[in-house]
Amino acid sequence: MVESGKEFIMENVLSLRKKMTQRQLDDEMEKIGEFLQSNGATQAGPIVTVTFSIETKNEEPLLDMEILVPMDKELELSGDYVFKPLFRVTNAVYARHKGNPADLQRTYNEMLLFIQENDLQQITVGYNVLINEPMPGLTIDDMIIDVYIGINPNLL
185 MVESGKEFIM
195 ENVLSLRKKM
205 TQRQLDDEME
215 KIGEFLQSNG
225 ATQAGPIVTV
235 TFSIETKNEE
245 PLLDMEILVP
255 MDKELELSGD
265 YVFKPLFRVT
275 NAVYARHKGN
285 PADLQRTYNE
295 MLLFIQENDL
305 QQITVGYNVL
315 INEPMPGLTI
325 DDMIIDVYIG
335 INPNLL
């Protein structure tokens, strides 16, 4: 079910944006975990992923992505990592995806149809909030991903 007028907020966010393959994405997630641990920080909420575009390189999808990780404290970040003291998506259309992430496009299609049918104007990409991450006892089909898409609040 798609809902509107939602908000999503995170504080003390580590951000990494780069082009990467799925395997590189998995490696980067692992590196972020190691970075937090070595700097005495912990993840303070769900990880958010954003895909800006997809291109093909050497017959493999190359994703222009951002990974956002809320931390329990402020950290000095450098290199590829950027610190965002506050991250907020407001006036968003929201839907919860339950199941295999391979079917996530279906949830996006429902959201885009809702936006179109209600004469709304999309102003952000979709933000995927990983509510539960794969762990022992859970399969990829047990995943829950909340999706937020920012909508123009102006009525024109």
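Going by the working numbering, the first residue of the sequence shown is number 185, and it counts up by one from there. For glycine and all other residues, C-beta sits at the position ideal for the given N, C-alpha and C.
Proximity to E250 across E239, D264, L259, Y292 peaks at D264, based on C-alpha coordinates. The C-alpha of F298 lies about 10 Å from the C-alpha of Y278. L304 has its alpha-carbon roughly 19 Å from the corresponding atom of Q289.
Around the beta-carbon of I329, 16 or more other beta-carbon atoms lie within 10 Å, marking it buried.
According to DSSP, G321 shares a beta bridge with no other residue.
By the neighbour-count definition (other C-beta atoms within 10 Å, threshold 16), G189 is an exposed residue. In this structure, N275 is the residue among N275, Y332, M255, A286 with its C-alpha nearest to the C-alpha of N338.
Taken in chain order, the region 223–281 contains no complete alpha helix (DSSP H) segment of 4 residues or longer.
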